[in-house]
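So the structure is just underneath, and the comments pick up after that.
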Amino acid sequence: MRVTWSGTTGATGMELSFRLDPEDEITGKASDDYPVKLATNSCSIGGTPADAHPDLFALAAWTIVAPWTRKQITFDRAISPGLAQALHDGWGIEAGPVGAEPRPAGSTLAISYSGGADSVAAATMYAEAPFVHFRRVAHPRIPNRWTHYRSDVLAELAAQTGRELAMVTSDLEFTLAEPRPGYPEHHAVAAGALLLADRLNLGALGFGYELGSRWLGGDRYLGHFTPDNRMWAAHGAWGRLFAAVGVHIVLPVGGVSEAVTMRLALESGLKDQVRWCLRGTDGPCRVCGKCLYKELIQAAVERRPLDTPLTAKSKPAQKWLERPPYGGQEMVEYGLARIPDIEHTLFAKALDYFDATEESTSWLDHCYPPAIDEIPPRWRDQANAFITANVGYMTPDEIRRVETWGL
Ligand SMILES: [Zn+2]
230 MRVTWSGTTG ATGMELSFRL DPEDEITGKA SDDYPVKLAT NSCSIGGTPA
280 DAHPDLFALA AWTIVAPWTR KQITFDRAIS PGLAQALHDG WGIEAGPVGA
330 EPRPAGSTLA ISYSGGADSV AAATMYAEAP FVHFRRVAHP RIPNRWTHYR
380 SDVLAELAAQ TGRELAMVTS DLEFTLAEPR PGYPEHHAVA AGALLLADRL
430 NLGALGFGYE LGSRWLGGDR YLGHFTPDNR MWAAHGAWGR LFAAVGVHIV
480 LPVGGVSEAV TMRLALESGL KDQVRWCLRG TDGPCRVCGK CLYKELIQAA
530 VERRPLDTPL TAKSKPAQKW LERPPYGGQE MVEYGLARIP DIEHTLFAKA
580 LDYFDATEES TSWLDHCYPP AIDEIPPRWR DQANAFITAN VGYMTPDEIR
630 RVETWGL
């Protein structure tokens, strides 16, 4: 793989183009083993400066081209030996040319802010942290078959938070043909934040990944306890790679469930800007799969009946009529145990598969302590104080629920 950055900062930002080597393949695998197919070999990032440490350019590019790189990568400017080593250790990739001084870590933690409940909860923990918001824009050569994704609405909400905000615009999601436009690696959401790292003096970037994604093998791969999570563990391949460029990955809410992030978000000063639905304009659409899943969590947190126009015949409901396991299963159990009259809703069938009680799901109301331990010392005390005051830590029994999940 060969990558080249071009352009100057301004309306069109920086353009990344990349060329596959003979051994590279059009269909690659993201770090969670999910197959992803390449659509095109260029993309742009706006709202970022043209000057940054070469390691930042290299890592920003890697978040985009990693799935399709098999053996080696050649950057258009020399990188530090530490970054080359981290790429070799994590992926077995030869990276070069080598010859830059390492970038020292800055002192600021910024939040990679999406506006969803998890992201808002992470932001609440670090009330003074600036936001970097990634906004999808159209690609000049790839038709947008996903027009219902209202990135403009999410950007507007981010602007209303009152936080210091850096808005990054990018069409990088259109480098992906399949499964749909999206981040080639989950970390590509940080590509713009990385290019801004010198400007913002970043030493850390906080993401809204919660307990399920960090420790339970949630999201696109199914659940079992994953202490060595390749994507989000501080000691994982990506964690060490980000650390090598002086931008530590921090998961402020990595120890708590989506029930806790939902509660924290709805109790926070940012509650009017919370939006997990990618489709709605004046509010959440209420009929997509994500709205249904979040309604399950919100109803459980608020201990009220489920409020949805969807029925067991609706397409988003089909997933919950099948046998488990499924991603986010811990939150389904949590909801089944807490929502009044759940047996008269589209989740009735799921009751057959679980024997969930408030007691058996209480661990989802507390924080898994190792999640705070893996936050770098500079930012750990604040996380610990926040968790102690607002959430509370798991008991040894509850910790065991995490560490035996799916095993
Ligand atoms: Zn929706």
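Using the working numbering, read the sequence shown as starting at 230 and increasing by one per residue.
Glycine residues also receive a C-beta, built at the ideal position from the N, C-alpha and C atoms.
Inter-segment contact for the stretch 334-349 and the stretch 464-481 is present: three or more beta-carbon pairs are separated by less than 8 Å. S543 sits in coil when the DSSP states are folded into three classes, being neither helix nor strand.
DSSP places E559 within a helical segment (H, G or I) once states are collapsed to three.
In terms of side-chain proximity, the C-beta atom of G345 is found no nearer than 7 Å to any non-hydrogen atom of ligand 1.
Contact between the stretch 546-566 and the stretch 601-616 is absent, with fewer than three C-beta pairs closer than 8 Å. The alpha-carbon separation between E487 and I340 amounts to approximately 18 Å. Among the bridge pairs identified by DSSP, R365 is matched with S399.
Cβ neighbours of P410 within its own chain (closer than 6 Å, five residues either side excluded): W375, E402 and F403.
The three-state reading of DSSP puts V474 in coil, since its state is none of H, G, I, E or B. Pairing S591 with S399 gives a Cβ-Cβ distance that is not under 8 Å. According to the DSSP assignment, D305 belongs to the beta strand (DSSP E) that extends over Q301 to I308. Cβ neighbours of A388 within its own chain (closer than 7 Å, five residues either side excluded): L394.
M354: member of the alpha helix (DSSP H) spanning A346 to M354, first to last residue. Between the alpha carbons of V232 and A329 lies a gap of roughly 17 Å. Relative to ligand 1, the beta carbon of R515 is positioned inside 7 Å of a heavy atom.
Apart from the 5 residues on each side of it in sequence, L316 sits with its Cβ closer than 6 Å to the Cβ of I322 and A324 in its chain, given in chain order. Using a Cβ distance threshold of 8 Å, C596 and I571 do not count as a contacting pair. Annotation for Q502: G344, V349, L386, A387, Q389 and T390 place their beta carbon closer than 8 Å to its own, counting only its chain and skipping 5 residues before and after. Put simply, of F363, E587 and F286 the residue whose alpha carbon is nearest the alpha carbon of M396 is F363. Between G509 and P545, the C-beta gap is not smaller than 8 Å, which leaves the two residues out of contact. K519 has its Cβ nearer than 7 Å to a heavy atom of ligand 1. Counting only the Cα atoms, A281 lies some 13 Å from A307.
Counting along the chain, R248 sits inside the beta strand (DSSP E) bounded by residues M243 to R248.
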